[in-house]
Amino acid sequence: MRTPLIFVLLWSFVLLWSCMDDIPDDFDNPESTWNPEFSFPVGYTSLGMNDESGFDTLLLELNPMDSLPEWYRQETGVLMSYTLPFDMQALSDLSEGILHLMIRINAWNGFPAEVSGQIYFLDRVDSIIDSVFTGEPFYVSKGTVDENGQVVESSYIRRDIDFSGERIDDLNLTRNILVKGRIYQDGIDSNLVYYFPDYAIDVQVGVQVELGLTISGSER
């Protein structure tokens, strides 16, 4: 199905301003195609030891034996998560096909402990369709704090992950993106554990898309 020319131009004005120079000069050629690229933010979240991040706050309670918080004993690490809306179907409906999709992840770790992260694509019933990282999750080294537990410098990473072909097609049912983080307790200074509820992992998710459009002045 062809995208009506008036819709292409209106939508381009709103979302694709940076790509206007790439529009073909010849709109009357029935073979004219346009492959604009544009970027937009999916969302931002700050994962911490709180209910909003899906953290079990009962783990903040202190063990009477050593006065250390219960989360400190979790051998598999401490989990946090947050869900962002992302409707791939609405994006696909705007074109005759998504030729290329890139997910950009920016992450800042304010915890004085190593953390890992993973991004999942969810359908309308929150079943996992795919994950951004197919092998290992991304890791962020520990942040730097002073003797009073104040964050001096957060560790930062950026990851760009490309999607194409069948993998893009599989994402058409995506309605949400789930951001998961895990804190690893190995090597944590036990004197800092009481400050951990004040720390956070800040995560930004962005998308770059290349669309395939066929445009003409009239149907032939």
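Under my numbering, read the sequence shown as residues 3 to 222, first letter to last.
Every residue gets a Cβ at the ideal spot worked out from N, C-alpha and C, and that includes glycine.
Q. Would you say residue 112 and residue 153 are within 7 Å of each other, going by their C-beta atoms?
A. The Cβ atoms of residue 112 and residue 153 sit closer than 7 Å to each other.
Item to check | Cα-Cα separation between residue 157 and residue 178, rounded to whole angstroms | outcome: The straight-line gap from Cα to Cα measures roughly 27 Å.
- Task: Pair every Cβ in the stretch 63-77 with every Cβ in the stretch 161-174, then say whether three or more of these pairs are closer than 8 Å.
- Result: With a cut-off of 8 Å, the stretch 161-174 and the stretch 63-77 do not count as touching, because too few Cβ pairs lie within range.
message: In whole angstroms, give me the CA-to-CA distance for residue 213 and residue 105.
response: Taken atom to atom, the span from the alpha-carbon of residue 213 to that of residue 105 is near 15 Å.
Who are the near neighbours of residue 57 in its chain, counting only those whose CB is closer than 6 Å to its CB and skipping five residues on each side? Same-chain partners within the cutoff: 51, 82.
Original post:
What is the C-beta distance between residue 185 and residue 115, in whole angstroms, given that I count them as a contact (C-beta under 8 Å)?
Top reply: The Cβ separation is near 5 Å, so the contact holds.
For this session: Check the C-beta distance from residue 175 over to residue 125 and give it rounded, since I have them as a contact under 8 Å.
Result: Contact between residue 175 and residue 125 holds, with the beta-carbon distance rounding to 5 Å and staying under 8 Å.
field: Cutoff 7 Å; reference residue 139; Cβ partners in own chain excluding five residues on either side
entry: The residues are 118, 119, 120.
Mind checking which residues open and close the alpha helix (DSSP H) that includes residue 168?
First-last of the alpha helix (DSSP H) with residue 168: 168-171.
C-alpha distance - residue 39 paired with residue 100, whole-angstrom precision
Each residue's alpha carbon lies about 10 Å from the other.
*Give the straight-line distance between the Cα atoms of residue 84 and residue 131, rounded to the nearest whole angstrom.*
Distance from the CA of residue 84 to the CA of residue 131, rounded to the nearest whole angstrom, comes to 17 Å.
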